[in-house]
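Everything on this sheet refers to the single structure shown next.
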Amino acid sequence: MAKQPTTFDEWYVKSSYQKFVQREGAPLYEGSALEDLATLPLAAWERRGGKVAYTRLGNQENNNLQIVEIPAKGELKPERHIYEAIMYVMRGKGATTIWQEGEPKHTVEWEEGSLLAIPLNAWHASRIQQFSR
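Under my numbering, the first residue of the sequence shown is numbered 451, with each subsequent residue one higher.
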């Protein structure tokens, strides 16, 4: 006979998003509000390079944040995903190249305060030109 759960952690079933973040080896900051994203500790990000942390506001599984630090004079490995992404730049200056399979590449330069959208299923890679803490 299976052992019956006796604690909340034994009863609690993690969401797909929580399991994904755990596989990434990154911290997940949860709650109804986060005061200062720029001060949250990040973890090394093996899959893309750089550093990363994730957020989960409330109990929602959409509209979450991925906080990323690109290495000084470095870049992130390309990726694509099955959702649109909005990128907000908290610090630094750089560029992101965006492309679809078989189509020309487009490069968008950004700096602190810039906001750009990564289209659904588009490849993208970001590089830093000026790093600031």
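The C-beta atom is built at its ideal place from N, Cα and C for all residues, glycine as well.
Straight-line measurement puts the Cα of residue 493 at about 35 Å from the Cα of residue 453. With a cutoff of 8 Å on beta-carbon distance, residue 574 and residue 536 are scored as not near each other. Cα atoms of residue 502 and residue 457: separation of roughly 31 Å, rounded to the nearest angstrom. In the structure shown, the three-state DSSP call for residue 518 is strand. Within the same chain, 478 and 504 come within 6 Å of residue 471 by CB-CB distance, once the 5 residues on both sides are set aside. Between residue 559 and residue 545, the gap from beta carbon to beta carbon is short of 8 Å. In this structure, DSSP gives residue 452 a state outside helix and strand, which the three-state scheme calls coil.
CA-to-CA, the gap between residue 498 and residue 506 works out to about 21 Å.
The beta carbon of residue 488 sits closer than 8 Å to the beta carbons of 540 and 541 from its chain, once the five residues preceding and following it are set aside; these are given in chain order. Residue 469: member of the alpha helix (DSSP H) spanning 466–474, first to last residue. Residue 508 is positioned such that its CB atom lies no closer than 8 Å to that of residue 526. If only complete runs of 3 or more residues are kept, the segment 539–581 shows the beta strand (DSSP E) at 543–549, 556–561, 565–568 and 573–580, in order along the chain.
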